[in-house]
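Q:
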């Protein structure tokens, strides 16, 4: 039991499949040939590929595995709570959250209280008392302008979008450039092999095909035969590499090539050549060597064994036979998955040299699935040659509520039982106590080592499935690009499914489906009226639908009526607005864009009405209103500068300082302020006629080109936001009318400002007093 693990490999012979055992440990080989043979045995006698636990325990197609609810992915503000002193875990904390509506009301109250404070401090209820002193009012207005004027930013045109190419396009290009060939890992193949062997040389000629330039493994390792010359199309191969396991690799160009490998056989009595890529047709011609592994019709195995003829070498000494009868270990592993299987592994524990035939009892109603195993009277007949050390076969058993295992009497082996059950089964074990409960990977696999006659009873039951959600829509993104005649829409869904099946999506009326992709693969799916049925696999996948639909009106664009077929989370709707539209209003879910221009316009109108009540300037309420409408497209600092210039000029008309230094300084300041105000008016006209309307769209990372709405949960129907917009030429036409009005009005305002600027005199000479020297 404490010995090393013994491996085996299947070998095809003329009579069927037999098991070729690994030879027992021998003394250190004396010759190079024996060392090569020993190394070849260790490599070629490896166990065959068996089913792994993942492939054996596949998911039950009838199991209702719940996918669970979807979780919203949005994040908002984070508040960190800290305490200076010790806090007991039984203490509680209560949070008071203010709703958005109440927060809006509190904001309006704060603004009203601020206005009341300003009126109280400045005593604006008697504002007419301050009119006779226009100079102080103008200076105050100028100071306010200078206070609110931040660092002047250079005017730049608003970008029409992000830099091109965007990052996601660069990432996609990188992925396509670096993605492997679609044919991997089967881009190369060996169509034909010609093997020739002489006492002094081995030669392999292979015809290889490659779809792309790829690296292929060659039938040569450090422990087996080593060629001393490798050519491709009669040219020496220079690009060779050897991996950690000793396998030799070569770069094979695209196309059909002939690869030739030659080298001496050495002193080994047996050479085994393993082909990582098995040739389709193989032929052998040799002198002094006997080849095994070639079948009729040119077929061949993955391993070819070459044995030197006895005439060329002295007969090896026969292995000493032991008088001890053969004794074995039989390990039975019960795999309870969708199908119940039993794997029986037989290992020889005594020295080789004695043939044996074992009659392994089978479980009730068991069926052997391994070829070459004969069954007689519910016993599996397993034959061991003198040198065979291990054998293995598999059986299937029917599902039953109880499994009873009993160790037989008077048999030349010892038994062990291992239970490997999938999570769909609930097993209750009674009888013999298990010696182990977990395997190396921490899986629950109880193991028993019974004495003859001992029993283990396993009661197997399957828990009833709890009904729940088997399909979860984790995210849904609807992108709409409105057009004059028709609009383009794209719906992207992130779906988790545990059973697979079909999922139906309902499109809007008059929708013309264009493409349907699942994980980037286009599927030939047609719509049935408004319904589109998409196949799902039991995994996470991304489903994308693209369609066209007729546009009703570009003035009011509404989101399409789309039903994703099930409740979903992280629902997002995006409008890709054309660059020639003037967005006026937008509405939809609360987490979305807002047009802040209208609230800013209300403030501008209120200020214009207040300025219209003053008599400092010749402008009346209607003039201030029109001027304010045009100045909404420039920064607020520029608008305050223009308004301050008009007020200061009005103050200059009423009273001028008596001091010459103060008067001259004020004149210089007025000149600078006039130039700045005229530059601001020019900017307002330029933006109105040539620029893009700034409607101050903000919220949820929205811009005037892309409007984003998000809703954390939906019942299946996507949100239908709306946008009201006009052609941009209407905005430019209105701004042209405003510019013409401003041009005519500015002529009279400049005459008035020049009159104010030159009232009295333009510049006062400064008289300097000189002190007389005393005699």
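In the numbering used here, the protein residues as written are 282 to 1056.
We put the beta carbon where it would ideally sit given N, CA and C, even for glycine.
Since this is a predicted model, take the numbers as computed values, not measurements.
1. Which class does residue 727 belong to by DSSP, given the choice of helix, strand or coil?
2. To the nearest angstrom, how far is the alpha carbon of residue 827 from that of residue 846?
3. Just mark residue 368 as buried or exposed, buried being the case when its beta carbon has 16 or more other beta carbons within 10 Å.
4. For residue 1039, which residues from the same chain have a beta carbon less than 7 Å from its beta carbon, with the 5 sequence-adjacent residues on both sides left out?
5. Please identify the residue among 942, 526 and 668 whose C-alpha is closest to the C-alpha of residue 501.
6. Please confirm if the segment 994-1007 is in contact with the segment 843-862, defined as three or more CB-CB distances below 8 Å between the two stretches.
7. Could you tell me the boundaries of the alpha helix (DSSP H) in which residue 933 lies?
8. On the DSSP bridge assignment, give the partners of residue 587 in chain order.
9. Would you list the residues sitting across from residue 384 in a DSSP beta bridge?
10. Less than 9 Å between the beta carbons of residue 713 and residue 735, yes or no?
11. Classify residue 1011 as buried or exposed, calling it buried when 16 or more other Cβ atoms lie within 10 Å of its own Cβ.
12. Beta carbon of residue 638, beta carbon of residue 649: below 9 Å?
13. According to DSSP, is residue 863 helix, strand or coil?
14. Would you say residue 685 and residue 737 are within 9 Å of each other, going by their C-beta atoms?
15. Could you check the C-alpha separation between residue 468 and residue 652 for me, to the nearest Å?
16. Please confirm whether residue 885 and residue 910 have their CB atoms less than 9 Å apart.
17. How far does the beta strand (DSSP E) with residue 538 in it reach, from first residue to last?
18. Secondary structure at residue 843, three-state DSSP: helix, strand or coil?
19. Can the beta-carbon of residue 849 be found less than 9 Å from the beta-carbon of residue 756?
20. May I have the straight-line CA-CA distance separating residue 679 from residue 623, to the nearest angstrom?
21. Tell me the rounded alpha-carbon separation between residue 774 and residue 454.
22. Is DSSP giving residue 709 helix, strand or coil here?
23. Closer than 8 Å by C-beta to residue 621: which residues in its own chain qualify, once you throw out the five before and the five after it? Chain order, please.
24. Roughly how many whole angstroms lie between the Cα atoms of residue 662 and residue 733?
25. Below 8 Å on the Cβ atoms is my contact criterion, and I expect residue 547 with residue 509 to pass it. Report the Cβ-Cβ distance as a whole number of Å.
26. How about residue 992 and residue 804: are their beta carbons less than 9 Å apart?
27. When you compare only the Cα positions, how much space is there between residue 977 and residue 450?
28. Please classify residue 883: is it buried, with 16 or more other beta-carbons within 10 angstroms of its beta-carbon, or exposed?
29. Under the rule that 16 or more other beta-carbon atoms within 10 Å means buried, what is residue 645, buried or exposed?
30. Would you say residue 947 and residue 898 are within 9 Å of each other, going by their C-beta atoms?
31. Give every residue of the same chain whose Cβ lies closer than 8 Å to the Cβ of residue 391, excluding the five residues on either side of it in the sequence, and list them in chain order.
32. Taking only three categories from DSSP, how would you classify residue 455?
33. Does the structure place the segment 487-499 close enough to the segment 524-539 that three or more beta carbon pairs sit under 8 Å?
34. Relative to the C-alpha of residue 507, which residue among 1028, 819, 380 and 523 is closest?
35. Give the DSSP-derived three-state secondary structure of residue 1042 in the structure shown.
A: Looking at the atomic coordinates:
1. strand
2. 16 Å
3. exposed
4. none
5. 526
6. yes
7. 917-935
8. 552 and 572
9. Note: residue 384 sits in no beta bridge, so no partner.
10. yes
11. exposed
12. no
13. strand
14. yes
15. 32 Å
16. yes
17. 536-544
18. coil
19. yes
20. 11 Å
21. 23 Å
22. strand
23. 615, 677, 678, 679 and 680
24. 20 Å
25. Between residue 509 and residue 547 the Cβ distance is about 11 Å, and since that is not below 8 Å, they are no contact.
26. no
27. 29 Å
28. exposed
29. exposed
30. no
31. none
32. helix
33. yes
34. 523
35. coil
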